[in-house]
Amino acid sequence: MAGCSCGGDRETNLIYACSGAANTGLLADQVMRTLNRDKVGSSTCLAAMGADLSGFLQSARNATRNIVLDGCKVSCGKKIFEKNGIPFQHCIMTDFDVEKGRTAITGDLIETVAERIAGLVKV
Numbered sequence: 548m549a550g551c552s553c554g555g556d557r558e559t560n561l562i563y564a565c566s567g568a569a570n571t572g573l574l575a576d577q578v579m580r581t582l583n584r585d586k587v588g589s590s591t592c593l594a595a596m597g598a599d600l601s602g603f604l605q606s607a608r609n610a611t612r613n614i615v616l617d618g619c620k621v622s623c624g625k626k627i628f629e630k631n632g633i634p635f636q637h638c639i640m641t642d643f644d645v646e647k648g649r650t651a652i653t654g655d656l657i658e659t660v661a662e663r664i665a666g667l668v669k670v
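Here the numbering used here is used: the first residue of the sequence shown is 548, the next is one more, and so on.
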């Protein structure tokens with residue numbers, strides 16, 4: 548029933564982040580944690596998806612939205628979701644004026660990118 552507060556219509560946004568060795572992986576990870584804190588969605592494990600762990604794959608299939616935050620254009624997260632045929636929204640940190648290997652990852656940058664991504668999440 549529309550407007551029911553019993554939880555039956557509750558949306559589930561799951562957020563996955565690259566945590567690669569570059570500054571852009573660090574940014575993706577920290578943005579994911581910020582979006583989790585701000586209740587845009589719940590953080591979950593991209594590595595578990597890559598390892599084909601059935602519980603994580605099923606959770607992704609059942610989610611309202613899967614938000615994949617890749618650090619760079621290599622797009623490992625995107626490839627994991629495509630391989631498994633699971634729908635997702637995709638954001639790449641270098642698309643937010645962040646240069647791989649050069650841009651300092653600051654608290655202000657993390658907050659700015661998180662706000663921009665939160666605005667992109669289809670509600």
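No residue lacks a Cβ here, since even glycine has one placed at the ideal position from N, Cα and C. All figures in this text were calculated on a predicted structure; none of them were measured in a lab.
Rounded to whole angstroms, how far is the Cβ of C623 from the Cβ of I664, which I believe are closer than 8 Å? Incorrect: roughly 18 Å between the Cβ atoms, too far for contact.
To the nearest angstrom, how far is it from the Cα of G572 to the Cα of K630? 21 Å
Mind reading off the beta-carbon distance from S566 to A575? Whole number of angstroms is fine, and I expect it under 8 Å. 7 Å
Where do the ends of the alpha helix (DSSP H) carrying L600 lie? Taken as a continuous stretch (DSSP letters only), L600 belongs to no alpha helix (DSSP H), as it is neither H nor E.
Endpoints, the beta strand (DSSP E) within which C638 is located: Q636 to I639
Using only the alpha-carbon positions, how far apart do L561 and T641 sit? Cα to Cα, the separation comes out at about 21 Å.
For N560, which beta-bridge partners are listed by DSSP? R612
Selection from E662, K647 and G648 that minimises the alpha carbon distance to G654: E662
Can you tell me whether D644 is helix, strand or coil according to DSSP? coil
Helix, strand or coil: which one does DSSP assign to D617? strand
Euclidean distance between Cα positions of C592 and K625: 14 Å
Euclidean distance between Cα positions of A549 and T611: Per-residue confidence for A549 stands at a pLDDT of 40, beneath the threshold of 50, marking its modelled position as unreliable; the derived number appears in the next sentence. A549 and T611: Cα-Cα distance of roughly 16 Å.
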